Amino acid sequence: MSQGSAEGSVACECRWGGDRSRGCWCGCSTSSGPVAVPPAYAQIFQMAFQAQAQAQAQLLAQAQAPTPAPAPAVPTVDQNRLKYIVSLFVGNALIWWRSLKRAYEPREITWAEFQREFDDKYRPKMYRDKKRMEFLNLVQGDEQTVAEYELRFAALAKYAPEAVATGGSLLSF
Numbered sequence: 001m002s003q004g005s006a007e008g009s010v011a012c013e014c015r016w017g018g019d020r021s022r023g024c025w026c027g028c029s030t031s032s033g034p035v036a037v038p039p040a041y042a043q044i045f046q047m048a049f050q051a052q053a054q055a056q057a058q059l060l061a062q063a064q065a066p067t068p069a070p071a072p073a074v075p076t077v078d079q080n081r082l083k084y085i086v087s088l089f090v091g092n093a094l095i096w097w098r099s100l101k102r103a104y105e106p107r108e109i110t111w112a113e114f115q116r117e118f119d120d121k122y123r124p125k126m127y128r129d130k131k132r133m134e135f136l137n138l139v140q141g142d143e144q145t146v147a148e149y150e151l152r153f154a155a156l157a158k159y160a161p162e163a164v165a166t167g168g169s170l171l172s173f
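Just so you know, we're using full-length UniProt numbering here: the sequence shown kicks off at 1 and counts up by one.
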């Protein structure tokens, strides 16, 4: 064991050469008493502990914060169409819509389902069948212009979609 240069201090015999009289900061077995940390290390430890405390506080705050609800999906054209149409309902139509919506809960009613339900409620099958037959028997009269015939055709075509030729199913002569 060697004598230190400072008055009253005794150098540690370990390879770090700490001051044994105040306790070697390396924690070796030659230390007598509590371990003294050099000031430079004490400052580094203090900064590390503060950073760790801040990180834990942030994690705790995140864990305690309510989780935001997932962003809703972007509405489709059909969903927007349905919302718009329903916004026009008043009176009995609004009452009917609310009961229909409850019947489909917990999921949302689709546009196709809405159309089917609406047709069943406000355009009975007998009426639709009558309009379908009217479409199938439609002819341009002598006193009817092409524009008038086309207008009537378009108005009745929705009652017989299977009978309306599409571009791909037209016959060529």
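We put the CB at the ideal spot given by N, CA and C, even for glycine.
From a predicted model like this one, the values you see are computed outputs, not experimental measurements.
For alanine 51, the enclosing alpha helix (DSSP H) starts and ends at 39-64. Arginine 123 carries a coil assignment under DSSP once its states are collapsed to helix, strand and coil.
In this structure, the straight-line span from the alpha carbon of glutamine 56 to that of glutamate 108 is close to 42 Å. By the Cβ test, the segment 76-95 is not in contact with the segment 126-133, since fewer than three Cβ pairs between them sit closer than 8 Å. Fully enclosed alpha helix (DSSP H) runs of no fewer than 4 residues occupy 91-104 and 111-122 of the segment 85-135, in order along the chain. For alanine 154, the enclosing alpha helix (DSSP H) stretches over residues 146-157. Between the segment 153-167 and the segment 130-137, the count of Cβ pairs shorter than 8 Å is three or higher; the stretches touch. Looking at the backbone, the Cα of glutamine 140 and that of arginine 98 are separated by about 43 Å.
A straight-line Cα-Cα distance of about 33 Å links lysine 83 and alanine 147. DSSP places aspartate 142 in the coil class of the three-state scheme, outside both helix and strand.
Aspartate 78 sits close to tryptophan 111, with the two beta carbons spaced by under 8 Å.
In this structure, DSSP gives asparagine 80 a helical state, which the three-state scheme calls helix. Across the set Thr145, Lys131 and Glu150, the C-alpha of Lys131 shows the shortest separation from the C-alpha of tyrosine 159. Just so you know, the alpha carbons of phenylalanine 45 and proline 66 end up roughly 34 Å apart. Nearest C-alpha to valine 86 among Phe153, Pro68, Leu156 and Gln115: Gln115.
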